[in-house]
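Chains as they are written, first to last, in the working numbering: chain C, 29 to 412; chain E, 29 to 412; chain L, 29 to 412; chain U, 29 to 412.
Ideal Cβ positions, reconstructed from N, Cα and C, are used throughout, including at glycine.
Since the model is a prediction, treat every value here as computed from it, not as a measurement.
The block underneath contains the structure these notes are about, expressed in structure tokens.
4 protein chains.
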Amino acid sequence: MDRVLKMGMVGGGKGAFIGAVHRTAACLDHGCRFVAGALSSTPDKARASGRELGLEDRRNYGTWREMLEGERALPEGERIDVVSIVTPNHAHAEVAGAFASAGFHVVCDKPLCRTTEEARGLIGAQRRGGKVFAVTYNYSGYPMVRQARHMVASGEIGRVRKVIVEYHQGWLASNLEGTGQKQADWRTDPSRSGAGGAIGDIGSHAEHLTRYVTGLEPVSVCADLTSFVPGRRLDDDANLLLRLAGPAADGEARGVLVASQIEIGHENDLRLRVFGTEGSLDWRQEEPNELWHRTMGGPDRVLRRGNAYVCDDAKWATRLPAGHPEAFFEAFANVYRAAFAAMRGTPGPDYPTVEDGARGVHFIERTVASAASDAKWTDARYTP
Amino acid sequence: MDRVLKMGMVGGGKGAFIGAVHRTAACLDHGCRFVAGALSSTPDKARASGRELGLEDRRNYGTWREMLEGERALPEGERIDVVSIVTPNHAHAEVAGAFASAGFHVVCDKPLCRTTEEARGLIGAQRRGGKVFAVTYNYSGYPMVRQARHMVASGEIGRVRKVIVEYHQGWLASNLEGTGQKQADWRTDPSRSGAGGAIGDIGSHAEHLTRYVTGLEPVSVCADLTSFVPGRRLDDDANLLLRLAGPAADGEARGVLVASQIEIGHENDLRLRVFGTEGSLDWRQEEPNELWHRTMGGPDRVLRRGNAYVCDDAKWATRLPAGHPEAFFEAFANVYRAAFAAMRGTPGPDYPTVEDGARGVHFIERTVASAASDAKWTDARYTP
Amino acid sequence: MDRVLKMGMVGGGKGAFIGAVHRTAACLDHGCRFVAGALSSTPDKARASGRELGLEDRRNYGTWREMLEGERALPEGERIDVVSIVTPNHAHAEVAGAFASAGFHVVCDKPLCRTTEEARGLIGAQRRGGKVFAVTYNYSGYPMVRQARHMVASGEIGRVRKVIVEYHQGWLASNLEGTGQKQADWRTDPSRSGAGGAIGDIGSHAEHLTRYVTGLEPVSVCADLTSFVPGRRLDDDANLLLRLAGPAADGEARGVLVASQIEIGHENDLRLRVFGTEGSLDWRQEEPNELWHRTMGGPDRVLRRGNAYVCDDAKWATRLPAGHPEAFFEAFANVYRAAFAAMRGTPGPDYPTVEDGARGVHFIERTVASAASDAKWTDARYTP
Amino acid sequence: MDRVLKMGMVGGGKGAFIGAVHRTAACLDHGCRFVAGALSSTPDKARASGRELGLEDRRNYGTWREMLEGERALPEGERIDVVSIVTPNHAHAEVAGAFASAGFHVVCDKPLCRTTEEARGLIGAQRRGGKVFAVTYNYSGYPMVRQARHMVASGEIGRVRKVIVEYHQGWLASNLEGTGQKQADWRTDPSRSGAGGAIGDIGSHAEHLTRYVTGLEPVSVCADLTSFVPGRRLDDDANLLLRLAGPAADGEARGVLVASQIEIGHENDLRLRVFGTEGSLDWRQEEPNELWHRTMGGPDRVLRRGNAYVCDDAKWATRLPAGHPEAFFEAFANVYRAAFAAMRGTPGPDYPTVEDGARGVHFIERTVASAASDAKWTDARYTP
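Given below as structure tokens:
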């Protein structure tokens with residue numbers, strides 16, 4: 029059996045949806061144990077949450093700094109191997125930086141942080157600490173996303189001409205933050221979210237998914253960002269034209285990216301279409317077990333998770349036979365599983381790294397800059 | 029029974045796909061008889077086509093000019109009431125102008141013509157002749173498109189914030205014009221098609237559908253037009269950001285328009301989504317009998333053609349009970365049927381007019397101008 | 029151009045849904061002209077309907093007998109070639125028999141008649157007259173149904189093990205006949221419908237579709253017929269187990285047939301699945317342009333009408349390119365078109381004949397007998 | 029936090045697909061710890077599997093009898109609370125009986141056992157021990173299945189007239205057992221599976237799902253069971269007509285049940301449709317997050333998991349927001365979660381009990397009897 033890692037968590041206390049998702053995903057394959065936490069920004073609330081989740085008192089910390097010190101003081105076999113950071117965005121940089129440079133493995137929620145400057149800091153911290161730093165771009169964990177990546181890489185749709193990536197949500201179509209709803213509150217607050225609203229919260233997933241599947245990088249961006257809901261301080265609707273480049277592209281590829289949180293009735297409707305010179309691919313997060321492959325002149329092909337014909341990487345990411353659907357938790361767990369393999373030094377597929385996170389933050393920044401610009405195209409190239 | 033109209037046709041001879049569609053659509057309800065034609069630009073070919081279709085010799089003309097003169101010379105009860113013009117785009121302006129100003133009703137395929145100047149000429153010709161001039165934006169003929177229009181107009185989705193309109197095709201993903209395929213040949217030739225490739229051929233449908241359903245007009249456009257296939261002289265892929273205005277809008281609405289003919293595996297995949305402050309609508313041409321209505325907080329609703337709950341305009345456009353699917357021909361026929369009603373002076377719903385056509389041509393021009401511009405936004409307002 | 033046939037009609041006057049469908053379908057390809065009729069069982073109503081439809085007075089008959097005599101008295105080039113019979117079922121036998129034995133071509137709605145005895149009479153009449161006798165099993169006219177037949181015949185799914193055919197409707201879930209609704213009224217009246225309710229009205233389509241696609245014939249039937257709506261005199265729900273035989277079968281094939289008119293929310297949901305030793309097929313009438321082909325171990329394949337890869341017979345049945353959906357009218361028209369070709373003596377695909385109709389009537393009878401029997405299996409073999 | 033239960037497992041060692049599913053599902057919510065096992069029928073293999081899964085040596089038993097004795101010998105706070113039994117069917121009765129009567133909580137895979145006699149024994153054992161005995165009819169764990177149950181119970185579709193339940197698989201369409209494939213091997217062996225093949229393995233799920241959602245019980249059954257694959261000793265295709273009764277029924281309800289493992293291309297396609305006097309419901313396991321509710325005269329309604337409008341029981345069964353799909357594991361985990369709540373004596377929804385299991389075994393027996401009978405109907409009533 030693989031070595032069971034010890035995991036601590038920062039953020040994710042009572043009422044925080046994403047903390048429970050991380051805990052379930054991380055433990056799905058019994059690859060880690062959740063043993064320490066500083067689960068809220070308020071020490072009392074943090075400890076109350078930890079008690080409810082069964083943490084030992086001595087490892088149920090009031091603040092992340094106490095946790096960092098407390099765990100460092102423990103003998104190596106006892107202290108946490110990895111910290112999972114699931115706070116709102118604004119705290120990512122400081123917390124992740126501290127743990128990473130102290131030599132802990134880090135798993136951090138996306139977007140990585142608020143600015144490219146913070147991102148550079150985190151890349152430095154990871155280098156200093158020398159450990160794994162994974163970012164939970166969880167949609168890349170779906171088996172059929174991996175199958176799509178495999179098919180692009182192996183040339184099954186020829187060279188890539190165009191990408192349409194859409195992320196439709198409707199939950200912020202009204203002034204939900206005004207009701208005190210916690211998720212809406214911090215996501216619409218620039219001081220905690222960063223400069224991007226919808227483009228940061230879900231556009232970052234769209235950007236990563238595109239890059240993950242096609243290997244293409246944004247060259248330039250033309251963005252129209254809007255705040256539809258009166259009083260909202262960040263965009264809740266983002267529509268982008270893109271130019272993309274990379275080895276798989278047929279010249280400079282074209283892109284359309286839509287990320288919106290005011291499209292009523294859409295729940296979490298992430299979709300990626302990739303059009304090549306010889307075929308096209310179509311995947312939707314809400315029906316994640318299938319991938320449509322359209323060909324020039326032949327019938328559509330519908331590939332399904334769990335079948336013998338999928339690639340090894342998709343097989344690795346699968347726990348159940350075909351027809352026994354897998355979904356969000358399993359995809360999320362796959363990011364953890366790949367990162368855990370790297371932490372253990374055992375073979376496994378790749379996982380989104382701190383640099384992937386930095387690219388995402390850079391993309392958000394360039395999109396926000398484009399939205400403020402009268403020029404059609406804003407440079408979006410990332411220099412490592 | 030309604031008076032049966034006598035129809036002539038220009039273009040639409042052997043090998044022309046769209047001519048047969050017009051003849052079938054026009055006659056579907058037995059509302060007209062096809063009695064005269066100048067069916068090709070070559071007199072011999074024109075007459076051969078007419079013979080095959082059973083035209084009388086004396087009304088099987090070699091050229092449209094002969095037809096115009098020949099029909100004018102006939103007594104009123106015998107001559108054609110209406111001419112249907114289904115040539116490639118470049119011939120529309122001259123032919124339609126001549127018939128319209130001569131006092132014939134005209135039905136003309138879209139796009140109306142190649143330039144706004146030509147369009148202005150046609151508006152003038154229609155005014156001089158004083159008869160009906162319809163443009164076959166056939167997708168507006170679908171019952172559930174009319175239902176969508178009704179729902180927007182009656183406020184069922186609140187005020188409109190955003191529109192996503194997509195028209196995906198893949199048939200021009202390779203150099204089909206190089207093989208001599210007739211449909212591809214003229215559509216990729218600027219002298220016959222006008223300045224727009226995909227944006228003209230199918231983008232014009234997307235523009236009209238949006239306007240038809242929402243009543244919103246483009247205010248500004250930001251376009252990225254591409255010719256992917258080597259050697260092609262017109263765009264085969266168009267991706268646009270839009271700003272739209274009109275009474276139904278919540279301020280200035282946002283739009284995304286995609287029209288592409290290189291997206292392999294997509295056949296004729298026209299889709300319109302309209303997002304309002306209280307709900308959203310979703311319609312797809314390839315499954316035209318249903319309309320999805322999504323609401324804030326409630327289950328999705330799937331409305332279907334033929335049910336008692338649809339609006340009168342959708343009922344008017346329906347010939348079969350629910351579950352007995354109607355499709356392309358019937359929608360096309362509805363444009364003819366509404367125009368025929370106007371020709372007879374009997375009550376009927378509206379139909380796309382010469383001015384709708386002019387707006388479409390203007391939109392294509394502004395889009396092509398935007399594509400050549402470095403500015404993000406190009407003015408797209410239409411002045412009648 | 030093909031010779032335009034002259035068509036008369038019996039039944040199908042005002043308020044009769046199916047008469048208009050037949051007229052539109054028959055004329056869709058301009059292959060016939062509707063010139064005579066006896067459109068109702070009441071002479072006054074018949075003539076009023078004919079006037080509304082533009083029939084000449086002298087050929088707008090009060091009764092079918094007058095029409096038979098009147099047309100026989102006309103010179104050959106003027107009299108009708110074909111009569112279309114669209115009355116309620118109980119009148120089929122007498123009318124069709126008279127016209128067929130008098131040497132007219134006949135197109136008759138399904139089910140052919142009420143009893144196998146009547147059916148034998150019609151077979152005799154057709155033989156005496158020696159002309160075409162087609163039965164409008166219209167669902168066999170869909171291109172992708174023909175593609176399915178082709179794939180079974182050419183062994184693409186191996187030998188057939190099992191068929192599931194379903195015909196779900198909900199419009200008779202309440203006592204609609206009690207409201208005077210005309211369609212419901214005669215369909216629930218044994219004296220006009222025959223012994224079968226749902227099994228006759230729509231089960232007969234299911235039976236024919238199965239036979240058409242697979243070539244298999246029922247060997248034995250086990251039926252559970254129910255009248256759910258209080259006071260209803262015929263079944264409104266039919267559930268059957270079947271054993272089937274034929275050259276394509278893998279031994280004796282199994283079948284499940286469901287035909288119901290009380291399944292609320294289903295409109296006209298006819299679906300056929302055929303399972304073979306090497307693959308399976310799946311087709312639905314409400315999305316008729318696609319056919320799913322599932323294979324052992326490979327991705328699903330979705331075939332679509334209008335593509336180069338479909339069989340010749342499917343191509344023959346297609347008028348529009350892929351993605352421009354065709355539907356109910358076109359399928360219906362294909363039955364007429366094939367029958368018209370036979371009437372003209374020109375080549376064309378086959379069409380459902382009087383014997384197909386007789387087999388359908390026999391199947392209804394055996395199903396009703398099974399429903400009354402305590403034995404599991406009732407013999408359903410048809411002896412020509 | 030809820031008390032963490034200690035779980036042992038019998039069966040589910042290396043290569044056993046379902047053992048891993050049970051372990052993941054049981055631990056998904058951190059509600060239990062897997063601490064003991066007798067994971068194979070061969071002691072060596074059992075211990076090797078346990079080592080791989082990280083069991084302590086002293087609780088890594090060679091046989092289930094050793095485990096029963098070993099655990100009984102431990103102090104109460106240390107010994108297992110619950111045993112999960114995931115062996116092939118033939119071992120269920122003896123193992124579950126022993127643990128249940130010894131006062132352990134039991135979770136047993138379905139079908140409960142091979143004969144009604146064995147089932148009676150297990151009911152007795154459960155009564156003697158007085159503890160929880162749950163059967164993993166896992167499909168009842170889906171939130172939208174619970175929503176469907178709620179809607180039937182609250183009369184939203186009126187009284188139930190008809191049920192169509194289908195379970196389509198294709199993986200046994202060829203002689204897989206002949207290749208030594210372990211899952212196929214025991215499932216096609218009467219000595220290990222019991223008298224039912226497809227009807228036992230998956231038909232039992234269909235039977236339970238129907239009963240769970242509607243509350244209706246089978247009154248009589250008419251079955252056609254077939255073994256299509258040459259040499260196979262159990263049915264691989266089951267087609268049934270049913271009569272059902274219960275408080276929700278409109279008189280005696282009709283049913284159609286299809287369970288097949290030779291329908292190529294279908295993976296795990298379980299579908300339930302319930303037709304009432306005022307509406308109908310439609311749910312599919314492969315798209316489990318949605319439930320279609322069709323109404324008389326209104327648009328279809330598509331309900332989705334995670335929305336505020338679903339019933340409390342569906343909310344209880346949900347871990348993620350709408351649009352973040354949940355699937356097989358979560359549904360499976362819900363059965364464990366409900367059973368765990370009962371074990372702890374805390375409030376929770378119901379779970380499938382040993383009596384539900386007994387009813388399932390009885391249903392399989394009556395179906396097999398019907399298949400051998402010439403009478404149409406075989407009594408299927410269960411007497412507790």
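query: Runs of beta strand (DSSP E) lying entirely within the stretch 115-193 of chain U, each at least 3 residues, in chain order; result: 133-136 and 161-163
query: Residues bridged to residue 70(L) (per DSSP); result: Note: residue 70(L) sits in no beta bridge, so no partner.
query: Residue span of the beta strand (DSSP E) that contains residue 113(U), given as start and end; result: 110-113
query: Those residues which DSSP pairs with residue 34(C) across a bridge; result: 61(C)
query: Spatially closest choice to residue 182(C) from 411(C), 279(C) and 338(C), by CA coordinates; result: 338(C)
query: Under 9 Å between C-beta atoms of residue 190(L) and residue 291(U); result: yes
query: Cut-off 6 Å between Cβ atoms - residues of its own chain near residue 274(E), not counting five sequence neighbours on either side; result: 243, 244 and 245
query: Buried or exposed (CB count within 10 angstroms, at least 16 for buried), residue 281(E); result: buried
query: Among 52(E), 31(E) and 39(E), nearest to residue 348(L) - alpha-carbon criterion; result: 52(E)
query: Chain U residues whose Cβ lies nearer than 8 Å to that of residue 368(C); result: Result: empty, since nearest Cβ-Cβ is about 15 Å, beyond 8 Å.
query: DSSP state of residue 283(E) mapped onto helix, strand, coil; result: strand
query: Min CB distance residue 331(U) to chain E below 9 Å; result: yes
query: Per-residue DSSP class, three states only, for residue 100(E); result: helix
query: N- and C-terminal bounds of the beta strand (DSSP E) containing residue 267(E); result: 265-273
query: Assigned exposure category for residue 104(C) - 16 Cβ within 10 Å defines buried; result: exposed
query: Interfacial residues, the stretch 320-350 of chain L to chain C, with Cβ spacing under 8 Å; result: 321, 325, 326, 327, 328, 329, 330, 331, 332, 335, 336 and 337
query: Residue 383(E) in three-state terms, based on DSSP; result: helix
query: Cα-Cα separation between residue 212(C) and residue 196(C), rounded to whole angstroms; result: 16 Å
query: When 164(L), 331(L) and 237(L) are compared against residue 192(L), the one with the closest alpha-carbon; result: 237(L)
query: Simplified DSSP assignment, three categories, for residue 339(L); result: coil
query: Three CB pairs or more closer than 8 Å across the stretch 349-364 of chain E and the stretch 307-321 of chain E; result: yes
query: Option in 330(L), 56(L), 304(L) and 80(L) with minimal Cα separation from residue 202(U); result: 304(L)
query: Chain-ordered neighbours of residue 55(U) on chain C, where CB pairs are closer than 8 Å; result: 55 and 58
query: Residue span of the alpha helix (DSSP H) that contains residue 219(U), given as start and end; result: 218-221
query: Runs of alpha helix (DSSP H) wholly within the stretch 313-380 of chain U (minimum 4 residues, chain order); result: 340-344 and 356-372
query: Proximal residues to residue 408(C) (C-beta, below 7 Å), its chain only, five neighbours per side dropped; result: 246, 247, 248, 249, 391 and 394
query: Rounded separation between residue 312(C) and residue 66(C) - CA only; result: 35 Å
query: Per-residue contacts from residue 401(E) into chain C (C-beta, under 8 Å); result: 404
query: CA nearest to the CA of residue 379(L), picked from 206(L), 68(L), 34(L) and 241(L); result: 241(L)
query: CA nearest to the CA of residue 83(L), picked from 128(L), 35(L) and 310(L); result: 35(L)
query: Assigned secondary structure, residue 277(C) (DSSP; H/G/I helix, E/B strand, else coil); result: strand
query: Closest residue to residue 399(E) among 346(E), 252(E) and 233(E) (Cα-Cα distance); result: 252(E)
query: Three-state secondary structure (DSSP) of residue 45(C); result: helix
query: Residues near residue 271(L) in its chain [Cβ-Cβ closer than 6 Å; skip 5 each side]; result: 247, 248 and 280
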